[in-house]
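Asks: Got a structure here, written out as structure tokens. Questions coming.
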Amino acid sequence: MNELVDLAALAKVKGLPWIAQKVARGFLSGLHSSVSRGSGVEFSQYRAYEPGDALANIDWKLFARSDRYFVREAYQESDLDLWMLIDSSASMSMVSKQNKSIDMNGLRSKPLSKLDFAKVFLSSLSCIAQEQGDAIGLVSLESSSTNANDLFIPAKKGHAHWQNLLLSLYNINADGGFPNLENLLPSFESMRHHGVLVVVSDFCQHNQEIFELLAQFNTQKTDVICVQLMCEDELNFNYQGQIKFEEPETGQSFLLSANEAKTGFLQALNKHQAQLEAHISHLGMQHLLVNVDLPIHQAMHDLFNLQTAMRRSHQHRHQQRSTNKK
């Protein structure tokens, strides 16, 4: 599955678990590294041999093929929880005109919205995590429910829990604005310990609601990756002629000339992105911009490369602290 697919068409035939497994396996088969099993073990990475490296870590099969020494690296973590936080506000219903998805019969069908992309992305990520034995939890940011239990699924292990989580993920709809943060605060307490939190959103906010949300996880115990979903049309303003724009969360609409608005829009976008990246960096979190019109495997590769870099950074700081204590 190298291209985006119509989630609705696939789900009717096979269901979201099937989609997740297909995307995840396709992604894993494309990696040059292997998957180590066990709780919290991430993808093994290869680097050139350096003096002092343990000979046991050399990949001798790779040496036979390349006549060069490579060392396997893997990071073992214990009791790793994967938390997935998905924005289901109305703006996530946006669909790009550039997005050309197909159904199972090869016929053109409706393209993926940002929310559809988020569902496939997170279900595939959770598939990999559950096969490694990690606990998985889900939080939906929707304003239509006042019951925190409707928005929160505790992190647990096991295939049955994963399937139930995917059912809840599939049933999420893009509607309204951001939920009342107070409804979610009790649930956040169980998320503030060792683990990874992946926040998937377009990061459109009217005030500071997303920044206030991220501040709840400003802790050294949780690695936070903010995955920002944008369409090709948004990134490059690929519109022509008179265009009617509608703000999905307020219902306000206005008509403008695409040619006249393009420069101002892109300037405002660059300013917004700079502020967003600066704020996320200030909180000690990572930002990943994803174009939903590109193959979903690209987004997964970018995420795991980012997470690997974070793990190496943590390991380096741990080694420095150990050296200083000596």
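Under numbering that gives the first Met the number 0, residue 325 is the last one in the sequence shown; the count climbs by one each step, no gaps.
Note that CB positions come from ideal geometry on N, CA and C, so glycine has one too.
#1: Quick check: the Cα distance between A47 and V70, rounded to an integer number of angstroms?
#2: Hey, out of M83, N269, S92, whose CA is closest to P153's CA?
#3: Give the single residue among A134, P294, D301 whose Cα lies nearest to the Cα of C230.
#4: Do you know how far the Cα of T262 is from the Cα of Y74?
#5: Relative to the alpha-carbon of H193, which residue among G250, D80, A308, Q266 has its alpha-carbon at the smallest distance?
#6: Let's test the definition: count the other Cβ atoms within 10 Å of the Cβ of T221 and tell me whether it reaches 16, buried, or not, exposed.
#7: When the Cα of M91 is compared with those of E233, H296, V223, which residue comes out closest?
#8: Would you report the Cα separation of F210 and V94, rounded to the nearest angstrom?
#9: Going by DSSP, which residues form a beta bridge with G136?
#10: Using only the alpha-carbon positions, how far apart do K113 and L255 sit?
#11: Measure the Cβ-Cβ separation of V223 and L184 and say whether it is below 8 Å.
#12: Measure the CB-CB distance between S88 and F187 and report whether it falls below 8 Å.
#13: Given a cut-off of 8 Å, decide if V138 and L228 are closer than it, judged by their beta-carbon atoms.
#14: Under a Cβ-count criterion, where at least 16 other Cβ atoms within 10 Å of its own Cβ denotes burial, should H158 be classed as buried or exposed?
#15: Using C-beta distances below 7 Å, list every residue in its chain close to H300, excluding the 5 sequence neighbours before and after it, in chain order.
#16: Below 6 Å CB to CB, which residues in the same chain sit around L268 once its five sequence neighbours on both sides are set aside?
#17: So, using beta-carbon positions, are L164 and I127 closer together than 8 Å?
#18: Taking DSSP as the reference, what is the three-state secondary structure of V291?
#19: Helix, strand or coil for M103 per DSSP?
#20: Let me know if F202 comes out buried or exposed under the rule of 16 or more other beta-carbons within 10 Å of its beta-carbon.
Replies: In terms of the structure at hand:
#1: One-based indexing of the sequence shown puts residue 47 at position 48. One-based indexing of the sequence shown puts residue 70 at position 71. Approximately 6 Å between the Cα atoms of the pair.
#2: In the sequence shown, residue 153 corresponds to position 154, counting from 1. Of M83, N269, S92, the residue nearest in Cα terms is M83.
#3: Counted from its first residue, the sequence shown places residue 230 at position 231. Measuring C-alpha to C-alpha distances from C230 to each of A134, P294, D301 identifies P294 as the nearest.
#4: Here the question's residue 74 lines up with position 75 in the sequence shown. Here the question's residue 262 lines up with position 263 in the sequence shown. Interpretation of Y74 is limited by its pLDDT of 47, a score under 50 that renders its predicted location unreliable; the figure taken from the coordinates is listed afterwards. Cα-Cα distance, rounded: 45 Å.
#5: Start at 1 with the first residue of the sequence shown, and residue 193 comes out as number 194. With distances taken between Cα atoms, H193 lies closest to D80.
#6: If you number the sequence shown from 1, residue 221 lands on position 222. Buried is the call here.
#7: Start at 1 with the first residue of the sequence shown, and residue 91 comes out as number 92. Closest option to M91, Cα to Cα, is E233.
#8: Translated into positions along the sequence shown, residue 210 becomes position 211. Translated into positions along the sequence shown, residue 94 becomes position 95. V94 has its alpha-carbon roughly 25 Å from the corresponding atom of F210.
#9: Residue 136 sits at position 137 when you count from the first residue of the sequence shown. Note: G136 sits in a beta bridge opposite W82.
#10: In the sequence shown, the residue the question calls residue 113 occupies position 114. In the sequence shown, the residue the question calls residue 255 occupies position 256. Cα-Cα distance, rounded: 24 Å.
#11: On the sequence shown, position 224 is the one that residue 223 refers to. On the sequence shown, position 185 is the one that residue 184 refers to. No; because the gap between Cβ atoms is not below 8 Å, this pair is not in contact.
#12: For the purposes of this step, residue 88 is taken as residue 89 along the sequence shown, with counting starting at 1. For the purposes of this step, residue 187 is taken as residue 188 along the sequence shown, with counting starting at 1. At the C-beta level, S88 and F187 stay beyond 8 Å of one another.
#13: As a position in the sequence shown, residue 228 is number 229, starting the count at 1. As a position in the sequence shown, residue 138 is number 139, starting the count at 1. The criterion of a C-beta distance shorter than 8 Å is not satisfied by L228 and V138.
#14: One-based indexing of the sequence shown puts residue 158 at position 159. Residue environment for H158: exposed (fewer than 16 other C-beta atoms within 10 angstroms of its C-beta).
#15: Against the sequence shown, residue 300 aligns to sequence position 301. Contacts found: none.
#16: Translated into positions along the sequence shown, residue 268 becomes position 269. For L268, same chain residues with a beta-carbon under 6 Å away, outside a window of 5 residues either side, do not exist.
#17: Position 165 of the sequence shown, counting from 1, holds the residue named residue 164. Position 128 of the sequence shown, counting from 1, holds the residue named residue 127. Result no, Cβ atoms of L164 and I127 do not sit closer than 8 Å.
#18: Against the sequence shown, residue 291 aligns to sequence position 292. Here V291 sits in coil by DSSP.
#19: Your numbering for residue 103 matches position 104 in the sequence shown. For M103, the predicted structure reports a pLDDT of 38, less than 50, and the residue's modelled location is therefore unreliable. The matter cannot be settled from this model.
#20: Stepping through the sequence shown from its first residue, residue 202 is reached at position 203. With 16 or more other Cβ atoms within 10 Å, it is buried.
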